[in-house]
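Colleague:
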Amino acid sequence: MTRQLSPKDLATVIGVSESSLKRWVDEGRLTAARTAGGHRRIALHEAIRFIRDTNQVLVHPELLGLSDLTSGPLSDVTSGAGDAALHRALEAGNAEQSRGLILAQYLASRSIASVCDGPISHAMNRIGELWRHSDSGIAIEHRATQIIIDALHQVRATMPPVADGAPAAIGSAGPNDLHSMPTLMAATVLLESGYRDTNLGSYMPVDSLVGAARDARATLVWFSVAMAEDAASTVALIKKLADGVAPLGATLVLGGRGVYSANLPPLPGTHVVGSMSELAAVARAVRASRAGRAAVVQPPPGGTIDSHTNGFKATKVKR
Ligand code: B12
1207 MTRQLSPKDL ATVIGVSESS LKRWVDEGRL TAARTAGGHR RIALHEAIRF
1257 IRDTNQVLVH PELLGLSDLT SGPLSDVTSG AGDAALHRAL EAGNAEQSRG
1307 LILAQYLASR SIASVCDGPI SHAMNRIGEL WRHSDSGIAI EHRATQIIID
1357 ALHQVRATMP PVADGAPAAI GSAGPNDLHS MPTLMAATVL LESGYRDTNL
1407 GSYMPVDSLV GAARDARATL VWFSVAMAED AASTVALIKK LADGVAPLGA
1457 TLVLGGRGVY SANLPPLPGT HVVGSMSELA AVARAVRASR AGRAAVVQPP
1507 PGGTIDSHTN GFKATKVKR
């Protein structure tokens, strides 16, 4: 059941009077249901939407019932020290603090795409180098991955329910690819972008992904290739996927260093993106074009339009 807050609780969370909060509900700035006794109740996801949209300062975050969100992570994020703090907390294996920092970034109005592209990606790039220097590096990397996966699930749980008639998106990592974090990130970004997302996780055969996309009537299919393996087999795999997705009329979005290092031929209806923010930009453009509006595909900052695919080409170079 969705957690509900009373106007008094939410007012205390953001440090305003209960009467102001009730007035905002009555003015329609905040949606509230009524109990049988006529009392206003605000769903947690609606409270979070309001906090993010109106940049509220959280005075008593503990009343939101998100136990990892204590004032420590919030003050790190508001002081601009959140990115470095996340790296430290992940490396130290401090799960509560790491999850709290990720939630705090999201509550501070940052999109989940930007949190993935910024602090999470930076931290994992550094943590991913530790195995070279110490035996414990691999354990630290696995632990950090699990903490981020848990944090992303927590953020998902605070997002509003998917609207009726929302477009479907489906995706996975490829066969032989154990990297499950990028595909979960993509799913979460698409949920935030208003899609009904289905993440099929890692180690996914391409034929099965195409079949599932057909069954789901997917508008968008994402595919993550985290490793630069043999370039020729990566190209063959992606061509097979693109050939399967094209007849469905869905847009295919590819990401990951295996894609960036493969020399892909032009694939109609396929976008190569270099970040989660670029995925969000493509997702918005696909929605707009499906809604019948003239979708002008704009390159996001740091990306350029690929003239072959009309997709975004990453400009950042990965190790
Ligand atoms: C965590 C991790 C693992 C974990 C994965 C656990 C899990 N459940 O996911 C484990 C330990 C299992 C693992 C295993 C291996 N790994 Co590993 N792993 C990593 C690590 C540290 C983080 C990967 C990650 O999720 N990053 C977070 C992602 C999301 O951030 P990002 O890569 O910066 O991606 C950004 C953009 O590129 C873009 N993006 C990326 N992917 C996608 C996908 C989509 C759809 C979209 C839209 C965008 C997008 O958005 C992201 C956010 O900005 C990386 C190092 C690194 N620097 O990333 C190595 C790394 C990916 N692994 C690597 C290797 C070699 C392996 C192993 C072969 C090691 C081994 N010898 O066993 C195995 C392979 C196992 C297999 N069969 O898949 C190499 C790949 C090298 C290469 N150039 O191909 C890396 C780069 C490490 C390195 N520096 O050598 N690994």
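Okay, so the sequence shown: first residue is 1207 according to our numbering, each after it adds one. Using N, Cα and C, we set each Cβ at its ideal position, and we do this for glycine too.
Would you identify the three-state DSSP class for A1491, choosing helix, strand or coil?
Modeller: Helix at A1491.
Colleague: Just tell me which of A1301, L1358, A1298 and D1232 has its CA closest to the CA of A1388.
Modeller: Reading the sequence as shown, one finds Pro at residue 1388 and not Ala. The residue with the shortest Cα to Cα distance from P1388 is L1358.
Colleague: Does the beta-carbon of H1245 have 16 or more other beta-carbons within 10 angstroms, so that it is buried, or is it exposed?
Modeller: Exposed, by the Cβ-count rule.
Colleague: Candidates V1361, R1402, V1395 and Y1409: which alpha carbon is nearest G1380's?
Modeller: The option with the nearest alpha carbon to G1380 is Y1409.
Colleague: Pick helix, strand or coil for D1289, following the three-state DSSP scheme.
Modeller: Correct three-state label for D1289: helix.
Colleague: Where does N1405 sit, in a helix, a strand or coil, going by DSSP?
Modeller: Strand.
Colleague: State buried or exposed for S1430, treating a residue as buried only when at least 16 other CB atoms are found within 10 Å of its CB.
Modeller: S1430 comes out buried.
Colleague: Where P1453 and R1493 are concerned, what is the direct C-alpha to C-alpha distance, given to the nearest angstrom?
Modeller: When rounded, the distance between both Cα atoms is 19 Å.
Colleague: Could you tell me the boundaries of the beta strand (DSSP E) in which W1230 lies?
Modeller: Careful: W1230 lies outside any beta strand (DSSP E), inside the alpha helix (DSSP H) at E1224 to D1232.
Colleague: Return the Cβ separation of I1353 and S1386 in integer angstroms, given the expectation that the two are a contact with Cβ distance under 8 Å.
Modeller: Their Cβ separation, rounded to whole angstroms, is 13 Å, which puts I1353 and S1386 out of contact at 8 Å.
Colleague: Would a C-beta distance cut-off of 8 Å place N1405 and V1441 closer than the cut-off?
Modeller: In this structure, V1441 does not lie closer than 8 Å to N1405 by Cβ.
Colleague: Going by the DSSP bridge assignment, what does G1278 pair with across the sheet?
Modeller: According to DSSP, G1278 bridges with nothing at all.
Colleague: Going by beta-carbon coordinates alone, are V1368 and Y1312 separated by less than 8 Å?
Modeller: Not in contact: V1368 and Y1312 (Cβ atoms no closer than 8 Å).
Colleague: So for A1501, helix, strand or coil by DSSP?
Modeller: Residue confidence for A1501 is low, a pLDDT of 43 falling below 50, so the modelled location carries little weight; the figure read from the coordinates is stated next. DSSP places A1501 in coil when its eight states are reduced to three.
Colleague: Which whole-angstrom value describes the C-beta separation of G1306 and D1274, a residue pair presumed to lie in contact below a C-beta threshold of 8 Å?
Modeller: That belief holds up - the Cβ atoms of G1306 and D1274 are roughly 4 Å apart, short of 8 Å.
Colleague: When the Cα atoms are used, what is the spatial distance from V1503 to R1255?
Modeller: Low confidence applies to V1503: its pLDDT is 49, below 50, so where it sits in the model is not reliable, and the reading given next is rough at best. Cα to Cα, V1503 sits roughly 27 Å from R1255.
Colleague: Excluding the 5 residues preceding and the 5 following W1230 in the sequence, name in chain order all residues of the same chain whose CB lies nearer than 6 Å to its CB.
Modeller: So the qualifying residues of the chain are L1236.
Colleague: Going by Cα to Cα distance, which pick from R1420, N1331, M1330 and V1283 is closest to I1308?
Modeller: The shortest Cα separation from I1308 among R1420, N1331, M1330 and V1283 belongs to V1283.
Colleague: Roughly how many whole angstroms lie between the Cα atoms of G1158 and S1212?
Modeller: Only positions 1207 to 1525 of the chain appear in the structure, and residue 1158 is not among them; the question remains open.
Colleague: Quick check: the Cα distance between G1221 and Q1210, rounded to an integer number of angstroms?
Modeller: Cα to Cα, the separation comes out at about 18 Å.
Colleague: Could you name the residues of the same chain whose beta carbon sits closer than 6 Å to that of G1450, not counting the 5 residues immediately before and after it, in chain order?
Modeller: Excluding positions up to five away in sequence, the list reads V1416.
Colleague: Return the chain-ordered ranges of every alpha helix (DSSP H) run that is complete within the region 1244 to 1272 and spans a minimum of 4 residues.
Modeller: Those alpha helix (DSSP H) runs which fall completely within the region 1244 to 1272 and span 4+ residues are 1250 to 1259.
Colleague: Applying the 10 Å Cβ sphere with the 16-neighbour rule, what's the burial state of G1480?
Modeller: Counting Cβ neighbours within 10 Å, G1480 comes out buried, since at least 16 surround it.
Colleague: Find out if the Cβ-Cβ distance for the pair A1424, A1375 is shorter than 8 Å.
Modeller: Yes.
Colleague: At a cut-off of 7 Å, is H1359 close to the ligand B12 when judged by its beta-carbon and the heavy atoms of the ligand?
Modeller: False, no ligand heavy atom lies under 7 Å from that Cβ.
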